[in-house]
Structure formats: C-alpha cells, structure tokens
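Student: Before we start, here is the structure in question, set down as structure tokens.
There are 2 protein chains.
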Amino acid sequence: MSKKISRKDFIKTSTVAGVGLSVLPFNIVKGKDKSKVRLGFIGVGGRGRSHLAGALARDDISVRAICDINKENAAKAQKMVRDAGMDEPELYTRGETDFRRMLKRDDLDGVFIATPWLWHVPMAVAAMEAGVYTGLEVPIATTVDGCWELVEASERTGVPCMMLENVCYRRDVMAILNMVRKGMFGEMTHARCGYQHNLLPVLLDENGNFGPGTVGESEWRTYHHINRNGDLYPTHGIGPVAHWLDINKGNRFLKISSHATKAEGLHKRIVELGGINHPNASIEFKKGDVVTSTITTARDETIIVTHNTSSVRPYSLGFRCQGTKGLWQVDGNTIYLDGVSEKHDQWEPFEPYQEKYDHPLWKKYHDEAVGSGHGGMDFFVRNAFIEAIKRQVNTPMDVYDGAAWSVIGPLSEASIEQGGATVSFPDFTDGRWMKREPDFALESSEF
Amino acid sequence: MSKKISRKDFIKTSTVAGVGLSVLPFNIVKGKDKSKVRLGFIGVGGRGRSHLAGALARDDISVRAICDINKENAAKAQKMVRDAGMDEPELYTRGETDFRRMLKRDDLDGVFIATPWLWHVPMAVAAMEAGVYTGLEVPIATTVDGCWELVEASERTGVPCMMLENVCYRRDVMAILNMVRKGMFGEMTHARCGYQHNLLPVLLDENGNFGPGTVGESEWRTYHHINRNGDLYPTHGIGPVAHWLDINKGNRFLKISSHATKAEGLHKRIVELGGINHPNASIEFKKGDVVTSTITTARDETIIVTHNTSSVRPYSLGFRCQGTKGLWQVDGNTIYLDGVSEKHDQWEPFEPYQEKYDHPLWKKYHDEAVGSGHGGMDFFVRNAFIEAIKRQVNTPMDVYDGAAWSVIGPLSEASIEQGGATVSFPDFTDGRWMKREPDFALESSEF
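Protein chains in written order, with this note's numbering: chain A, 135 to 581; chain B, 135 to 581.
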C-alpha cells in the first residue's frame, strides 16, 4: 500500500504546488521502479482475456482483481491466472457498477479496461480518480463530452490514461514512422487510413440476431449501427497517421467533413440469414456502409479516413503516407521515393524498405512480440502500458492522443447530420500542441 | 454542301416543331450514313496531332481544315495529311479567332477541339452554332457558367457536343462497367477515382520556366496552378465512375465537398531546377498538391475524387468500384466478389476477370485499338465520335456528361474557398436524369 499512497500523495502535492501542470500534466517521479506491476482487469470478454493472457506471459506483473458482469467470463479469467501459477485474483461480478468497489482496493497499479464503448468513460474516470494507471480500449469515448471528461480527469488526477491502440505498433506503420522522421517522404502532405473490415459475422450471429442472448460484440456493438451514422471506429487508422503527422506535438487536427453512403450491408445480411420476414429485417440501420471523412491539419495536410464494416470485403486499413518526396500505400504494399527508388515515378515493393527501416523497438522486442495477438502489435501496446507503470512515467500515448483520435467518431456524426458540413476539432491540449514534442517510439525510447 | 444543309434544316425544323426536345435533345435522323466524314481540327499541338494521326489511320474520313495560332504546328499537321495521301487541308492560322472563319466553311461534319482549356467554351459553342459535331478535349469548361453555355448551345442547336474522355474506354474500367451491369458488385455504394500523375515535367521546363516561350502545355496550363485551388482535371477519373453509377441516367451528382493540402511541389521543383533565386521561386502557387473531393449522389453513393499532379509519384487513376457484393481496386489490381471469389473476404488478382468480362466493344475493336494512343483508349473515343457523325446519331457521351464531369473543377474551387463547405451540383439535364436510360457502351452498342 505504501507505494500506491506515496504516488497518490506525490500527484496531489505536485498538483497543489502547480508544478508546471499546464505544460507537463503527469509529473510522475522517474526511476521509481516497481518490481511487480499489480494489475486489475475490467471486462474480460474476448478482448480483455486476450490482454490478460498477454500480461500473464510476463514475469513482472501480478493480477489482483478481475471485474465482469458476466460471471462465466470472470471465472474463465480467474482460471487463466490460476493456471499461470499466480495467486488467484479477487472477482468483482456483482453488477454493472461493481468496478467501483474494485477500484477501492489500494493494491492496484494499473487497470485494463475492455468493455462495451459506453462504459469506457465512467470506468476510466473512476480508475484515474482511484490513482490507477488507466489502459483503455478503443475508442476511449463515443461523444465529445466523453473525450473532455477523460482529459479533465487525467489532468485533474495526474494519472495517465492510455488508449490501447495496438495498430500504432504495427510493424509496417512503425517502419513508415521511422522513415517519415528521417525525412524520406519529404514534407508530409497527405495521408489515408481507415477501418475496412467485414464485421457482419461479428455484428450478427448466424441467425441474424444481435443484442442480449447473443455472444460477443453483437450483444452491444450492433446498436451503434442502428443509432449512429458516422465513423464508429476511427482509431486503428488514425493512430499511426497521427504519429506520422506529429498530431498534438507541433500539429493538430483542425476540421473534419464526413459523408456516408446508403446502409445496405446489415439489412442484406439479415435477409440472407433469416429471410425477409426475420424480425430484424425491418430495422432501419442508420450507419452507412462506407463513411469517409476528410480531416485538415494545422500544417495544411489532409487525411482521408474510411469506416467500412458492414460490407463483404477483404480487410484493409487503407494506409497511405504521402509527402513531397513520395508515398507508400498499403494496398499492394508499394512505395515510391524520389531519388531513392530505382526507376523514376515507378512503384517498388515495400518489403526491402520494411527490412531496412524496421523500427528500433521492433528490433528490440521482435522475439517477444511474434506470436502475441494481431501480429505482435498487442504485445507492444501492453508492454508500453506496463513498462510505463513500472517506471512510473508517462505512457507513450496519452489522454490527448486518445481524445483527439476518438473524437473523430462523434464529430463525423455531427458532420453527416449537417449534410457533410465541416466541423471543428476541440483542442484538448488547450494550445499546448504548439510546444509539445513528439515522444512516441523515438529512437531512444525503451518501450 | 447538301448533306450539311439538310441536317441543319432538319435540326431547325425539329426544334421549331418542338419534337420532344426536352426529352431527347438531338433528333438526328438515324441511318443517314456518310461515306466520308469531313473533319476539321482546332488546335494541333501534341494532343490535337495525336487525334489527327488516329483519324488519318481511318479510311472513312477526310481532313478539310486545320486551325492553330502556332503556324509550325499547323504546318506539321498539314504535312501529316499530305503524307497520308489525302487532299491537303486548308490552314487557319491568322490568330486566336481564326477558328470562326474556319467554321464558316460548309463542308465540315465534325471538329476536334484540342486547345488550352479557356478556349474550349467559345470554340465549341461556335462549332455547334455552325452545325458541326463537336468533339472537345477534357475538361470541356473550367467554370460553372461555361458548362451551362455548352449545354445550352447543344440544346439550342441540336448539335451533339462530346467530351473526348478517352479513359471511359480503358479496358479495365469497361470490363468493370460490364460487371457492374451484370450485378456482380451488387448494389453500388462507393467509388474512388482521380488523376494522380506527376505533371511537374509538363508544367515546368527543364529550367523551371513556364508560359510564353516554353513548349507544350507549360505555355498555359501552369497558370491554372497559380490562380485556382481545386480539382483542375477531374474527368479522367470521374468519367468511368459516372458510367458505373448511371450518372445523368437514373442517378446524378448531388453535392461536393473538397479539401486541398499545402502547395509545395511546384515551388520545390523550381528551386531544385533553378535555385532559390530563380524568378519563379517567389510565385505562390494556389493549387494544393493533393486535392480531394467527396461527391454524394441521388442514389446515396459516395465518390472520392483525387487530383494530385504536382507531386513526384507513380501514375494512378486510383479507381475503386464497390458495391454490396464486393469491390475492385486498381492499385494492386485486386478484386473480391462475394460468392464468386474462391476465398472468403480475400483479394484475388483481377486479370482472370478482365479476360472473362472484357467488354464486347473491346472484343470487337481490339485489333484496331491496340497500338493507338494511351493503350487503345484514344482509338475508341475517336471512333465513337466519328461513327456517330457517320450515322448522324447522338454521340455515346453527350454534353450533359461533359458538363456534369467538368463542373467538378469549379465546384471544388468553390468548396475549398469556403473551407470545405458542401456545394450543390447544377442539374444540367433539368430533371431529365430521372427518365434517361444508360446508353453508353451497351452490349448492343456498335461503337
């Protein structure tokens, strides 16, 4: 308990003393190493248990508490810990707000939150108020106010809130980040990204049903498609792009303009599975099959973000990274760099560049990462969160990143509602983006 | 002269009689075959001479008149006709308005216009008023008013005005059109296209100069980059997409929202070629390096159009054709079609589909097309224009097509000027798009 209290005291002290809070919100003492990071988990469905499994593979953590309203999931998770030969964690399964009881424990250093989206804000705010490092699944919030609540909570408590955006650690986008920073793309002008992934089998079960009684994300996620028309899931795409473009660190998102196509995919799928008389066949889904947003930045770049999850299609995050000297595109995985590529204005395969410009962090952690979830990305994002807790330093992605990326969701809804009007981004950093320096995955970064 | 007069008389009569002009503007007698189509050429620079060469390869045309303010070009063109063993055409080189004198001839059936963009409208209007089939290079106009002028001239005179949009005949996009019409993509939802072509070597000579005294398009085209910020060249991309989506034939463009990046490419190139003290290094180019537009349609599809001509980069028109059953992307040339593709949600190479669904017109004209300009497309667009004249029927692309596609230029400028606001498309068809039927490149089409 001593460590916990002392950190809380420190945070309180530094806040009261006002030690540069407006410049560096998280004045956590560096070098205060923890031998074992004591973790809690809120939400141990598919995603939460995947984080748990990854954590259990480490020798520097212990799992103290697990919370889920689904007792079966909680028991599964508890068994995983037991099977890993660790002390059994306490379970919190008494209902939707039992996470608050869990956060009253005084032995938690960090918490992983992997719950339905609408729970992200209250849970993360509660965790920060309990002084617990907060690792939150994507998106961190579904409303503008929710993003602000998290920012304010992190500033108020001095507790880091890291969105667990794994794609920022994808091997190719990190090599690209490396190359962007070496100036190989010249001055950045344009980027593309998105979440193009056929989620029809996730949003509907094999009988065309969703909601209570179905298993997995169809229990809650499908409702967002009924009620919202916008980019419901922007962060996998925009995260890597934000790092390329120094968003919140010398640059920021200014405006967004979004457009949606007709909504056909979910209805079509329901009819295919259950016929036109299926009770769900009469639902009018609000979410268009393809939502595209154009974002402009303070440095006069543009970014096109695509959300396309209710169509049959191959998976693609649709990345493009373009500057005055050339561009990379993930579809086809081709690159052209002026003065580097052999043939003038001709695509080259990206593979040799991937090898040559592999990010230092990937070189360092390669062996540990491979075999972990989602091609290694999951290892990195968990590792970063846990290593930050261990060292009691800021997380490499902070609440401003999470807010700026997640707010694309509600802003795109507002734009579509207004017929594609441009909508301004809030500046969650309150102007500090102008002075902040890039700190994600630097050459010198340890994690 | 008899044929000419008689057609003019017919047009006049039908107009006076009001024979359904509002439904079918070009009531030209079918089957009135011409043995030799008598052609004129206005503008015989690079592009005009390429059309001339293509025409000269045919045995069903004669070239009566050639107009260019550049006497050298005119002489070169005249020699080409002579070398083809045909009667020498008369030259019109007395200045910028000498095309009007040329159009007073009474022996022209059709005219190719390939001049700097700002001349397109007055020349085409004059040609239509002279009763001469008008084949006009892309874009047909650079202003909204210009598009209207052409529409009104074509309706008033009853003379077809065809934009010579060659990419509509590109082999892959025609196979895709074939597949769209067979319903293989399901219901269309989304498309992408654009003009992504490094024109820096065209816009600047090897000393970083442009304007009078330089050769080719740098003489005039570069000024558009100084004075306009928008999609300067939308039609190569949007033409094929418009056919996939039945634009003006049951569907129409509703709104557009455009955004531009910073303008770096031209300045950077000038400095590279001539140093920072080069007189052109102080020019502020208005045109952003990457301009992206999102268009919404009456059928609730969206289209993203990209213009990117001042960056070093490989050429790509960036096509995507997407519907409820799958999608094709030109970058990587991959396709996925639900229930057709072997593996669920996995890309396949497009080549076998290209072979299987090659458009009937390509099968018909393959041997003639191959070896003509731009991979055969140029043959098709010229052939369509000339065959329509020969048969005295409507051209397969009409003034409404040219206007709806070209107007993206000025509308994107207006949107960017208003910070990305959505701007409405004029309905050049005055509501007739609801009743018009697709007629481009049908299975039954002869050309």
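Cβ atoms here follow ideal geometry from the backbone N, Cα and C, with glycine treated the same way. Computed from a predicted model, the values in this text were never measured in an experiment.
Could you tell me whether the stretch 415–435 of chain B touches the stretch 378–391 of chain B, where touching means 3 or more Cβ pairs closer than 8 Å?
Tutor: Counting Cβ pairs under 8 Å, three or more are found: they touch.
Student: Could you tell me whether the Cβ of A:Tyr-470 comes closer than 8 Å to any Cβ of chain B?
Tutor: Along the first sequence, one-based indexing puts residue 470 of chain A at 336. Yes, contact with chain B.
Student: Within its chain, find whatever has a CB closer than 6 Å to the CB of B:Glu-398; leave out the 5 residues flanking it on each side and keep chain order.
Tutor: Here residue 398 of chain B corresponds to residue number 264 of the second sequence, with the count starting at 1. Counting only Cβ-Cβ distances below 6 Å, and skipping sequence neighbours, we find Asp-423.
Student: Between A:Asn-312 and A:Tyr-491, is the Cβ-Cβ spacing less than 8 Å?
Tutor: Locating residue 312 of chain A in the first sequence gives position 178, where the first residue counts as 1. Locating residue 491 of chain A in the first sequence gives position 357, where the first residue counts as 1. For A:Asn-312 and A:Tyr-491, yes; Cβs fall inside 8 Å.
Student: Kindly indicate which three-state DSSP category A:Ser-196 falls into: helix, strand or coil?
Tutor: Here residue 196 of chain A refers to the residue found at position 62 of the first sequence. Correct three-state label for A:Ser-196: strand.
Student: Measure how close the beta-carbons of A:Val-405 and B:Asp-472 come, nearest whole angstrom, since I'm counting them as under 8 Å.
Tutor: Residue mapping note: residue 405 of chain A aligns to position 271 of the first sequence, counting from 1. Residue mapping note: residue 472 of chain B aligns to position 338 of the second sequence, counting from 1. About 14 Å; that fails the 8 Å criterion.
Student: Could you spell out the range, first to last residue, of the alpha helix (DSSP H) harbouring A:Met-296?
Tutor: Within the first sequence, numbered from 1, the residue matching residue 296 of chain A stands at position 162. Element bounds for A:Met-296: not the alpha helix (DSSP H) but the beta strand (DSSP E), 295–297.
Student: With distances taken from CA atoms, which of A:Glu-224, A:Leu-337 and A:Tyr-534 is nearest A:Gly-565?
Tutor: Walking along the first sequence from the start, residue 565 of chain A turns up at place 431. With distances taken between Cα atoms, A:Gly-565 lies closest to A:Tyr-534.
Student: Please determine if the stretch 235–245 of chain A and the stretch 169–177 of chain A are in contact, where contact requires at least 3 C-beta pairs separated by less than 8 Å.
Tutor: Yes, the stretch 235–245 of chain A is in contact with the stretch 169–177 of chain A.
Student: Would you call B:Gln-480 buried or exposed, if buried means 16 or more other Cβ atoms sit within 10 Å of its Cβ?
Tutor: Counting from one through the second sequence, the residue named residue 480 of chain B turns up at place 346. Exposed: under 16 other Cβ atoms inside 10 Å.
Student: How do the stretch 311–326 of chain A and the stretch 549–567 of chain A stand: do at least 3 beta-carbon pairs fall below 8 Å, yes or no?
Tutor: Taking 8 Å as the limit for Cβ pairs, the verdict is that the stretch 549–567 of chain A does not touch the stretch 311–326 of chain A.
Student: Taking A:Ser-506 as the reference, give the member of A:Asn-300, A:Val-474, A:His-401 and A:Gly-229 with the closest Cα.
Tutor: The count along the first sequence starts at 1 and reaches residue 506 of chain A at position 372. Looking at the Cα atoms, A:Asn-300 is the closest of the given residues.
Student: Touching or not, the stretch 253–261 of chain B and the stretch 282–301 of chain B, by the rule of three or more beta carbon pairs under 8 Å?
Tutor: The stretch 253–261 of chain B is in contact with the stretch 282–301 of chain B.
Student: Excluding the 5 residues flanking B:Tyr-449 on each side, which residues of the same chain have their C-beta closer than 6 Å to its C-beta?
Tutor: Residue 449 of chain B sits at position 315 when you count from the first residue of the second sequence. Within the same chain, B:Tyr-449 has close Cβ partners His-331.
Student: Under the three-state reduction of DSSP, which class applies to B:Asn-161: helix, strand or coil?
Tutor: In the second sequence, counting from the first residue as 1, residue 161 of chain B sits at position 27. Any reading at B:Asn-161 must be qualified, since the residue scores a pLDDT of 39, below 50, and its modelled position is unreliable; no value is offered.
Student: With a Cβ-Cβ cutoff of 8 Å, do A:Ala-538 and A:Ile-381 count as a contact?
Tutor: Taking the first residue of the first sequence as position 1, residue 538 of chain A is located at position 404. Taking the first residue of the first sequence as position 1, residue 381 of chain A is located at position 247. Against a cut-off of 8 Å, the Cβ pair of A:Ile-381 and A:Ala-538 comes out as a contact.
Student: With a threshold of 8 Å, are at least 3 pairs of Cβ atoms found where one atom belongs to the stretch 290–310 of chain A and the other to the stretch 334–345 of chain A?
Tutor: Because the criterion of three Cβ pairs below 8 Å is not met, the stretch 290–310 of chain A and the stretch 334–345 of chain A do not touch.
Student: What's the C-alpha gap between A:Ile-360 and A:Phe-233?
Tutor: Residue 360 of chain A sits at position 226 when you count from the first residue of the first sequence. Residue 233 of chain A sits at position 99 when you count from the first residue of the first sequence. If I take the Cα positions, the gap works out to 28 Å.
Student: Closer than 8 Å by C-beta to B:Arg-183: which residues in its own chain qualify, once you throw out the five before and the five after it? Chain order, please.
Tutor: As a first step, residue 183 of chain B must be located in the second sequence, where it is residue number 49. Closer than 8 Å at Cβ, skipping near neighbours: Asn-207, Lys-210, Ala-211 and Met-214.
Student: Taking 8 Å as the CB-CB cut-off, is A:Asn-414 touching chain B?
Tutor: As a working mapping, residue 414 of chain A is identified with position 280 in the first sequence. It does not; no Cβ of chain B falls within 8 Å.
Student: In chain order, which beta strand (DSSP E) runs of at least 3 residues are fully inside the stretch 248–320 of chain B?
Tutor: Fully enclosed beta strand (DSSP E) runs of 3 or longer: 267–270 and 295–297.
Student: Could you tell me if A:His-478 is buried or exposed, where buried requires 16 or more neighbouring beta carbons within 10 angstroms of its beta carbon?
Tutor: To locate residue 478 of chain A, count along the first sequence from 1; it is residue 344. It counts as exposed.
Student: Looking at B:Phe-581 and B:Asn-528, is the spacing between their C-beta atoms short of 8 Å?
Tutor: Position 394 of the second sequence holds residue 528 of chain B. Position 447 of the second sequence holds residue 581 of chain B. Cβ distance not < 8 Å, so B:Asn-528 and B:Phe-581 don't count as in contact.
Student: Does B:Gln-526 get closer than 8 Å to chain A when you measure Cβ to Cβ?
Tutor: Your numbering for residue 526 of chain B matches position 392 in the second sequence. So, not an interface residue.
Student: Go through its chain and collect everything with a Cβ distance to A:Pro-530's Cβ below 8 Å, but skip five positions before and after it.
Tutor: On the first sequence, position 396 is the one that residue 530 of chain A refers to. The residues are Met-296, Ala-518, Ala-522, Asp-573, Phe-574, Ala-575, Ser-579 and Phe-581.
Student: For the stretch 373–395 of chain A, enumerate the residues whose C-beta is nearer than 8 Å to any C-beta of chain B, in chain order.
Tutor: Cβ contacts with chain B: Lys-389, Ser-391, His-393, Ala-394 and Thr-395.
Student: Just the Cα atoms here: how many angstroms apart are A:Ala-309 and A:Pro-494?
Tutor: In the first sequence, residue 309 of chain A corresponds to position 175, counting from 1. In the first sequence, residue 494 of chain A corresponds to position 360, counting from 1. Whole-angstrom Cα-Cα distance: 9 Å.
Student: If we cut at 8 Å on Cβ distances, does A:Gln-488 have a partner in chain B?
Tutor: Position 354 of the first sequence holds residue 488 of chain A. No, A:Gln-488 does not count as interfacial toward chain B.
Student: To which residues does DSSP link A:Asn-442 through a beta bridge?
Tutor: Locating residue 442 of chain A in the first sequence gives position 308, where the first residue counts as 1. Its beta-bridge partners are A:Gln-330.
Student: For the beta strand (DSSP E) holding A:Arg-172, just list the boundary residues, first then last.
Tutor: Counting from 1 along the first sequence, the entry for residue 172 of chain A is found at position 38. Taken as a continuous stretch (DSSP letters only), the beta strand (DSSP E) holding A:Arg-172 covers 171–176.
Student: Would you verify that the beta carbon of B:His-102 is, or is not, closer than 8 Å to some beta carbon of chain A?
Tutor: Only positions 135 to 581 of chain B appear in this structure, which leaves residue 102 of chain B out of reach.
Student: Looking at the unbroken beta strand (DSSP E) that takes in A:Tyr-357, where does it start and where does it end?
Tutor: Within the first sequence, residue 357 of chain A is the residue found at index 223, counting from 1. From DSSP, A:Tyr-357 is part of no beta strand (DSSP E) but of the alpha helix (DSSP H) over 355–361.
Student: State yes or no: is the beta carbon of A:Ala-555 nearer than 8 Å to at least one beta carbon in chain E?
Tutor: Given the protein chain composition of this structure (A and B), no chain E is represented.
Student: Please list, in chain order, all residues of the same chain as A:Gly-457 whose beta carbon is under 7 Å from its beta carbon, the five residues on each side excluded.
Tutor: Sequence index remark: in the first sequence, residue 457 of chain A carries index 323 (1-based). Hits under 7 Å: Phe-319, Gly-320, Glu-321, Met-322 and Thr-323.
Student: At the level of alpha carbons, what is the spacing between A:Ala-258 and B:Tyr-329?
Tutor: As a working mapping, residue 258 of chain A is identified with position 124 in the first sequence. As a working mapping, residue 329 of chain B is identified with position 195 in the second sequence. Taking the straight line joining both Cα atoms gives about 46 Å.
Student: Taking just the CA atoms, how far does B:Glu-289 sit from B:Phe-562?
Tutor: Against the second sequence, residue 562 of chain B aligns to sequence position 428. Against the second sequence, residue 289 of chain B aligns to sequence position 155. Taking the straight line joining both Cα atoms gives about 11 Å.
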